[in-house]
Every structure is written in C-alpha cells, then in structure tokens.
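Structure first, commentary second.
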Amino acid sequence: MAINEETVKHVAKLAKLEFKEEEIHDFTEGMDKIIQLVEQLEDLDTTGVEGTYHGITHHSVLREDKAKLEVTREELFKNVKTQQDGYIKVPAIMDNGESGA
Amino acid sequence: MAILDHTLEALHEQLVNGELTSLQIMEAVYDRIEETEEQVGAFLALSKTEALAKAREIDEAGIDPHNILSGLPIGIKDNIVTKGITTTAASKMLEDFVPVYDATVVEKLNEIGMISVGKLNMDEFAMGGSTENSAFKVTRNPWNLSKVPGGSSGGSAAAVAAGQVPVSLGSDTGGSIREPAAFTGIVGMKPTYGRVSRFGLIAFGSSLDQIGPFSRTVKDNALVLNAISGYDQRDSTSYDGETPDFTKGIEKGVKGMRIGVPKEYFHEDAKEKGIVESVRAALKTYESLGAEIVEVSLPHSKYGIPAYYIIASSEASSNLQRFDGIRYGYRADNVNNLDELYVKSRSEGFGLEVKRRIMLGTFSLSAGFYDAHFKKAAQARTLIRQDFEKVFEDVDFLVAPTTTTTAFDIGGQIDDPLTMYMADILTVPVNLAGVPSVSIPCGFSEEMPVGMQLIGKHFDEKTLYRAAYAFEQATDFHKQKPAFKGGK
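Chains U and X are the protein sequences, given in the same order. Taking the working numbering, the leading residue of the first sequence gets 1, the next gets one more, and so forth. Taking the working numbering, the leading residue of the second sequence gets 1001, the next gets one more, and so forth.
Structural data, given as structure tokens:
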C-alpha cells in the first residue's frame, strides 16, 4: 500500500472534502492503485532535468495595467445565494461564538 | 440532400444566393434535434428562442458574402461560459450557475454571427473519457446507442456525428476532443496551447486546456478554428503571433512531406487489431499520395499517463478550490460554521471522479510528496516535450492511432478508473508538450469508427489541416453515416 486510510483522511481535510466512514475503505483502495500507477515515474531518471510548469513555449503576454469595468458589482452578485447590504452572507465563522475560537 | 448534410461553405453559398435563409437552417437544426435527441442525449440545454430570433435578425440584415460563418449554427460544450445561459460543466456544483459574461470564443462567434444552438453534455468538469461522469444525463454514441460517445466532450462529438449541428466546440486537456471525435467518426482538433483564448473556459488543468472545434469535414473544422483563434488580452497565455487562414493552401496535398510514425503508439498486440490495421492502411494511402513514411521514436511516451494524471489533477485541485459555496455554485444547507459550509458544499456538489482527482492532486502537492510527485512529473513533462521537438527536426508531422479501442459499452468501464485513465495513453503526451493534434476518421473496426491523430509542430495546425484534407479527399470514411444501432 502506498497510502492508508489515515492519509486519505488527512488529504481530504486539506482539500476541504469529506467521505463517509463506510466510503473511506473503498476510496483508499482506489486511490492506492492510482498512486501506484503514477509512481511508475520513479523508474525515470530525471537527474539534471528542469521541470516544465507551464503550457507555453512562447512568452507570457501581459496587458496594459489599466482598470477597465467589464462586469458590474450587481452582475457579480447574481449567483450569490444569500446577501445583505452589499455583502455575501455566510454562516458564523467560529463555533460557539468567539469563546470557541 | 438535407440541409444539415451540407458543409459550412455550401450552406454559406446558399445563404448568399438566396436559396436558403438562416432561419430555415436553424429550424432544420431544431427539427433534427427533436428527431434524434431522445436517442442521443447530446444537449444539456437548448437556446431555441434566442437562436431563431438571431437567425431572423441576420436574414433581415442580409448575409455578408465575405463572412462565411454568419447565420450558421454551432453547439457549445457546457464548460464554456455563455452570458445569461446556464453553464454547468455537467456538475451539480454549477447546476443553477448563470454566467454574467461570455467566454472569448463565444464573443468571437457572436461577433461574426454564428448562432449558438445550445449547451452540450460532458464529463463533470471535463474529467473523464466517456461522458458518463455527467451529473445530469447519459449521452449515447450515434453509431451504436449502447456505447459511449467518448469524453469529456461527448455531447459535442455526438451532436455533430448525429447531424444535429454541423460543428461544435469542445475542450481538450488530455484527449477530450480527439478521443470522442475518434469514437464518433468525426474531425476534432486540439489546437496548440495558446492558439485559442481560455478566457471563460471553466478551468481544469490550466497548463493543458485548449478549446477546439468538432466537425464532419476537415475544412469546416479549419473555418471554425479561424474564427476562434487569436491573442486575447484576458488570457496571458494566449499567443500574440500571427493567426494564419487555416483553409489557405489546404488543398496542396502531402507530396514530398515526411510523416513520422511513432513506434510507441502502435501496439500490434492490442486487443482491438482493427485500429492499428486501419492506421497502417491510412499510411499506405499517404504513401500513394506522395508522402514519405519514416519510423520515429518518442521514448518517454510511457511516462505520459503518470505525468499527466499528476499534473492535471494538481492543477485541478488548485483550480477547483474556487468552488466553496460562497460566491456562486452549490451551497449546502444546515451547516453550523464556515468550515462546514466549505466541506459540505464541496462534498455534496462534486461527483466521485472530480473528488478523486482533487484528492490525487492535493496529495501530489502536499508536503512530503511534492518532490516525488509534482516535481518529478514536471521533469517527465520536459522529457516528453523534448521527444516531440527532436522528431520534428526530421519530419513534418506524426500519424498515430487516437485511441487503443473503439467506443466501449456504456457502464462497461466506469467503475474501473485505472482502465479509464490508461485509455488516454495515446492522447495525453500531446497536451503535455502543448503541440496541436487533429483526429480524423480513418476506418472501422467491428462497425465502430476508428480515429487517427495527426500531431504537428507548435502553431503548425496548417500542415495538419492540409494533410488531413488530403486524406479525406482520397477516402470516404467521413461520408459514412451513423446507424443509430439499437435505437427505435
């Protein structure tokens, strides 16, 4: 096994995902196979090879740094589920009020 | 000949000389969709009212004889945002998401008067190779309705193959245009990274994603790429060099061209022999047209799958962080605090395959695994890219099968992610290298279409279209019509 259920739970926490207790076992097994597949890269000698992190071989092209109104504030709020006084309304950030923080 | 059997050029000609109106074409499109959609299931949404209104408007203004695509229909993959029209990426996460702007490609099509017919089904967030990962519906292959159309752009491919629309747009991160094109017997182009603006394409793997056209003929495909290409100041990775007319010189043939045949892409012992046989026969056709065939090697090909799944998933895990239930998208009910809102919205809104990729990506980027996974994959990517650069010193383009099998049965592989991932073995290296590749029909194996991909140098789509056109003119695979086998 390249990974175990504890690792899966840890990674899920990082990714802000959760799995039901009964799903974890199967999911871990599936993930383990995939990780074994991608770990075939270990066979490859990459000594001294620079990584490629971008899709472009040409240079990146930047526009002039000038503000331009493309979408209004009202439009941007169209897909917001709950709002109040021009703000997005969400549940309380901390459990049990400030004392629970 | 039915209206929708015509090429875009022929339709344009009839619009100009008054034999047809744009409204008649659009009505024919929606009639055909009505007739076939229950079997095919390509569309997630239709914009009939808007489309007919736009057609009338164009008819009234009169067709501009120099604007070849004006008044003609196109379908759009549902991960390309369309202002005022729900765009879901086939995810519950975006079920009610109505974009407030158009993607650059959509803006460009609107400007020239192409008419959007509707939004096409896909694998959720473009993750998959069968369209079975759609949260909303099953899309079927028009050649055999018990088989998948491929994916992730399965709706875009099925709609064109079924004759519902002459052309459509898809996106390709690891084969998502070429594989469905191969499975449904049509033409699908993944342009060079940077050729087409990604602004308004819902991001999956940002260093790999490209939008490209589907069509029944090579020239129709080139016409659509002409329309959507070009530098966009809203996408800093878009290419600011020249955009050629991809149809110019398309009929010049392949005489004297050198075609590379990468030996790693030909599995003579493959379980489906019809694929390699069809592509070998196609190479003979190219030889008879005056091209020279040269065997070449892309030695790092076998590292394509591991490198791709690490890079694409890592980029996805980062890109999909934006879906947090706050500003747009699915929001879970009954949560007690902000963290629960994030976790529950994401866990309820994303499907299993999307979660799998986010998990793999997060793992590959996490402390302790970054060097062995993400960094190593980036290095493998360099070697894969160099493989292509090296062979292109000697040959004009490459020819290889697009897929290792023809379209498989719906439900046949979906529970086996490993088999699904390995199916992308012939398409992902192209995305890692950023080079262009077009899949065209080149035969049949057990009554299902076989696709062959032509892979070119960076920004040399023109040679690919020219070579694809030469093959198309010499053969009649593109004229075969799907049988809707298994349908009523």
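In this text, a Cβ means the ideal position worked out from N, Cα and C, and glycines have one as well.
One or two residues paired with residue i in a DSSP bridge
{"i": "X/LEU1418", "result": "Its beta-bridge partners do not exist; DSSP assigns none."}
{"i": "U/GLU22", "result": "None; U/GLU22 has no bridge partner."}
{"i": "X/ALA1400", "result": "X/GLN1453"}
{"i": "X/THR1082", "result": "X/ILE1085"}
{"i": "X/SER1207", "result": "X/SER1207 pairs with nothing; no bridge assigned."}
{"i": "X/MET1448", "result": "X/SER1445"}
Helix, strand or coil at residue i [DSSP, three-state]
{"i": "X/LYS1284", "result": "helix"}
{"i": "X/PRO1482", "result": "coil"}
{"i": "U/GLU98", "result": "Residue confidence is low: U/GLU98 scores 46 on pLDDT, short of 50, so the model does not pin down where it sits. No coordinate-derived value is stated."}
{"i": "X/SER1364", "result": "helix"}
{"i": "X/ARG1258", "result": "strand"}
{"i": "X/PHE1199", "result": "coil"}
{"i": "X/SER1314", "result": "helix"}
{"i": "X/GLY1155", "result": "helix"}
{"i": "X/PRO1306", "result": "helix"}
{"i": "X/TYR1469", "result": "helix"}
{"i": "X/ILE1177", "result": "coil"}
{"i": "X/MET1114", "result": "coil"}
{"i": "X/PHE1266", "result": "coil"}
{"i": "X/ALA1407", "result": "coil"}
{"i": "X/ASN1319", "result": "helix"}
{"i": "X/VAL1165", "result": "coil"}
{"i": "X/GLU1292", "result": "strand"}
{"i": "X/TYR1342", "result": "helix"}
Residue i and residue j closer than 8 Å at C-beta
{"i": "X/GLY1329", "j": "X/MET1093", "result": "yes"}
{"i": "X/GLY1212", "j": "X/LYS1190", "result": "yes"}
{"i": "X/ILE1058", "j": "X/GLN1024", "result": "no"}
{"i": "X/SER1301", "j": "X/PRO1401", "result": "no"}
{"i": "X/ALA1089", "j": "X/ILE1202", "result": "yes"}
{"i": "X/ILE1250", "j": "X/TYR1286", "result": "no"}
{"i": "X/ALA1138", "j": "X/GLY1041", "result": "For the record, residue 1138 of chain X in the displayed sequence is Val; it is not Ala. Contact flag set, yes."}
{"i": "X/ALA1291", "j": "X/VAL1254", "result": "yes"}
{"i": "X/VAL1335", "j": "X/LYS1344", "result": "yes"}
{"i": "X/ARG1327", "j": "U/ASN79", "result": "yes"}
{"i": "X/THR1237", "j": "U/ILE56", "result": "yes"}
{"i": "X/PRO1073", "j": "X/PRO1166", "result": "yes"}
{"i": "U/VAL49", "j": "X/GLN1413", "result": "no"}
{"i": "X/ASN1067", "j": "X/GLY1113", "result": "yes"}
{"i": "X/PHE1125", "j": "X/SER1168", "result": "no"}
Closest Cα partner of residue i within the set the options
{"i": "X/PHE1043", "options": "X/LEU1008, X/THR1049, X/SER1153", "result": "X/SER1153"}
{"i": "X/GLU1179", "options": "X/GLY1155, X/GLN1164, X/VAL1165", "result": "X/GLY1155"}
{"i": "X/GLU1315", "options": "X/ASN1067, X/PRO1099, X/MET1127", "result": "X/MET1127"}
{"i": "X/THR1007", "options": "X/ASP1172, X/VAL1218, X/SER1207, X/LEU1120", "result": "X/VAL1218"}
{"i": "X/ASP1078", "options": "X/ARG1198, X/ASN1121, X/PRO1142", "result": "X/ASN1121"}
{"i": "X/PHE1444", "options": "X/TYR1308, X/SER1022, X/ALA1103, X/ALA1281", "result": "X/ALA1281"}
{"i": "X/GLY1486", "options": "X/THR1419, X/GLN1039, X/GLU1034", "result": "X/GLN1039"}
{"i": "X/PRO1244", "options": "X/PHE1408, X/GLY1200, X/ARG1466", "result": "X/ARG1466"}
{"i": "U/THR7", "options": "X/SER1364, X/LEU1398, X/PHE1408, X/MET1448", "result": "X/SER1364"}
{"i": "U/THR52", "options": "X/ASP1394, X/ASP1235, X/ARG1385, X/GLY1411", "result": "X/ARG1385"}
{"i": "X/VAL1296", "options": "X/ARG1056, X/LYS1248, X/ASP1396", "result": "X/ASP1396"}
{"i": "X/GLY1451", "options": "X/PHE1459, X/ILE1440, X/ASP1460, X/HIS1458", "result": "X/ILE1440"}
{"i": "X/ILE1410", "options": "X/ASN1144, X/GLU1009, X/VAL1148, X/ILE1112", "result": "X/VAL1148"}
{"i": "X/ASN1144", "options": "X/LEU1454, X/ALA1407, X/LYS1457", "result": "X/ALA1407"}
{"i": "X/ASP1415", "options": "U/GLU29, U/GLN83, U/GLN84, U/VAL11", "result": "U/GLU29"}
{"i": "X/GLN1473", "options": "X/LEU1432, X/ARG1322, X/GLU1277, X/LYS1252", "result": "X/LYS1252"}
{"i": "X/ASP1394", "options": "X/GLU1034, X/MET1420, X/ILE1112, X/VAL1294", "result": "X/VAL1294"}
{"i": "X/LEU1320", "options": "X/ILE1063, X/ASP1333, X/GLY1351", "result": "X/GLY1351"}
{"i": "U/ASP26", "options": "U/GLY48, U/GLN40, U/ALA67, U/LYS9", "result": "U/LYS9"}
{"i": "U/GLN36", "options": "X/GLY1241, X/ASP1232, X/TYR1421, X/ALA1468", "result": "X/TYR1421"}
{"i": "X/GLN1480", "options": "X/ALA1045, X/GLY1163, X/SER1146, X/ILE1033", "result": "X/GLY1163"}
Same chain only: Cβ atoms within 7 Å of residue i, ignoring 5 sequence neighbours per side
{"i": "U/SER99", "result": "Confidence at U/SER99 is low in this model, with a pLDDT of 41, below 50, so the placement of that residue is unreliable and no value is reported for it."}
{"i": "X/TYR1342", "result": "ASP1324, GLY1325"}
{"i": "U/LEU17", "result": "none"}
{"i": "X/ALA1051", "result": "MET1026, ILE1115, SER1116, VAL1117"}
{"i": "U/GLY97", "result": "Because the pLDDT of U/GLY97 is 48, which lies under 50, any placement of that residue in the model is unreliable, and the number read from its coordinates should be weighed accordingly. Closer than 7 Å at the Cβ level, and outside the excluded window around U/GLY97, lies no residue."}
Residues of its chain near residue i, where Cβ-Cβ distance is below 6 Å and the 5 sequence neighbours each way are ignored
{"i": "U/TYR87", "result": "none"}
{"i": "X/TYR1030", "result": "LYS1048"}
{"i": "X/ARG1357", "result": "MET1127, SER1313, ALA1316"}
{"i": "X/VAL1391", "result": "GLY1260, VAL1296"}
{"i": "U/GLU5", "result": "ILE24, THR28"}
Own chain, CB closer than 8 Å to residue i, minus 5 neighbours either side, in chain order
{"i": "X/PRO1299", "result": "GLU1264, ASP1387"}
{"i": "X/LEU1383", "result": "HIS1300, TYR1303"}
{"i": "X/THR1247", "result": "LYS1219, ALA1222, LEU1223, ASN1226, TYR1465"}
{"i": "X/PRO1099", "result": "VAL1081, THR1082, LYS1083, GLY1084, ILE1085, THR1087, GLY1200"}
{"i": "X/THR1184", "result": "ASN1141, PRO1142, TRP1143, PRO1149, GLY1150, ALA1157, ALA1158, VAL1160, ALA1161, ALA1407, PRO1449, PRO1482"}
{"i": "X/ALA1028", "result": "ALA1002, ILE1003, LEU1004"}
CB contact below 8 Å: residue i versus chain B
{"i": "U/ASN79", "result": "Within the model displayed, chain B is absent; protein chains U and X are what it includes."}
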